[in-house]
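Sequential numbering of the sequence shown, starting at 1, is according to this note's numbering. Where a beta carbon is used, it is the ideal one built from N, C-alpha and C, also for glycine.
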Amino acid sequence: MRLNHRQVEAFRAVFQTGSMTAAGDLMGITQPAVSRLIRDLEAEIGIALFARAGGRVTATPDAVALFSEVERSFHGLERVARAAAALRQRRQGQLRIAASVAPSFFCLPPVIRAFHAAWPGVALSLKTGSSPEVLDLVATQQSDMGVAVVPSEAPGVVTRALPVHEAVCVLPDGHALAAKDVIGPRDLDGQPLLVLSDYSRLQQQFMTCLEGAGIAVNVVFESTFSASICPLIAGGVGIGVLDPFTARAHEGSGVVLRPFRPAVTYELRAMYPSSRPLGEREAAFTDLLHRHLEDFAA
């Protein structure tokens, strides 16, 4: 037995209206078309569904029994339609992201592409700034979420840990230290160093490491962002210990990378305003980011 949806829809409309003509109006088709659908349905199931008398039709007992099953089916379809509409609604709106420079340029683009494919109705925006600026944008709800190196607890935000990565030593191509497999603090004794600003947690770890080694620290350049340091290293100005995302993006452009020990960690965190619950869009984006960072570390 092969029933089609249009036949069942016609049966339901005739049962509810008690008229082929009214059923046609309800379905947006002609009365003869409704009659044909009912005849085909009756022929297919081998049961008379309606007794015809003049312009009216009366449901048979078999039709009454069948209608209860049809109603359950239609209510199920309506639930599916409502669920689909809710999904469409959920996948609309906007997601405002703030991020520091390294993730903005070297981590988030593939995550944004993946999120857009999964949530095409959501408009994305990205603001880039220093980690303190990102923290402020999220805490004041100017952004829905942020990605930066920040403390695990900070006023106005809740944070989520992301996969941790290790900073790398960035050397000019051809530098004598490039012959070493691993760079340590004593290798940097007196070497010209290009470093990040003091507020950088990575920089704080790095300087603590150098001071603990008791070496001569020779800082020749300081910048807020790693991206401005790499071209200077390529030009032979000095050496840096930088986040792996920026460093890897510049690898092969006049610089070489080596592990640095003891490890200096680069710990990105996702953050959200503490004044409201975590939204589905923010959670979905964070999950995609987490997977991407795991793959980067692999």
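Which of helix, strand or coil DSSP assigns to residue i
i	result
residue 267	coil
residue 56	strand
residue 80	helix
residue 204	helix
residue 164	coil
residue 46	coil
residue 122	strand
residue 182	coil
residue 158	strand
residue 151	coil
residue 128	strand
residue 68	helix
residue 24	helix
residue 286	helix
8 Å contact criterion, which residue i and residue j should meet: CB distance rounded
i	j	result
residue 248	residue 178	In fact, because the Cβ distance is near 16 Å, the residues do not count as touching under 8 Å.
residue 233	residue 168	With a Cβ gap of about 12 Å, residue 233 and residue 168 do not count as contacting.
residue 100	residue 149	7 Å
residue 241	residue 221	Actually they do not touch by this definition, with Cβ atoms about 13 Å apart.
residue 139	residue 273	7 Å
residue 163	residue 239	Between residue 239 and residue 163 the Cβ distance is about 26 Å, and since that is not below 8 Å, they are no contact.
In DSSP terms, what residue i is bridged to
i	result
residue 218	192
residue 199	Note: residue 199 sits in no beta bridge, so no partner.
residue 169	241 and 258
residue 320	Residue 320 cannot be examined here, being either before or after the span of the chain that is shown, 1 to 298.
residue 251	255
residue 51	58
residue 226	DSSP, once it has assigned bridges, lists no residue as partnering residue 226.
residue 300	Because the chain spans 1 through 298 in this model, residue 300 falls outside it and cannot be assessed.
residue 92	121
Spatially closest choice to residue i from the options, by CA coordinates
i	options	result
residue 203	5, 190 and 219	219
residue 255	70, 98, 172 and 68	172
residue 215	197, 221, 190 and 195	190
residue 194	208, 227 and 165	227
residue 43	3, 25, 31 and 64	3
residue 268	250, 297 and 275	297
residue 61	199, 284 and 15	15
residue 102	200, 22, 263 and 207	200
residue 20	9, 271, 57 and 5	57
Environment of residue i [buried if 16+ CB atoms lie within 10 Å]
i	result
residue 96	buried
residue 92	exposed
residue 94	exposed
residue 305	Residue 305 is absent from the model: the chain starts at 1 and stops at 298.
residue 210	buried
residue 38	buried
residue 47	exposed
residue 81	exposed
residue 51	exposed
residue 188	buried
Proximity test, Cβ basis, 9 Å: residue i and chain D
i	result
residue 78	No chain D is present in this structure, which holds just one protein chain.
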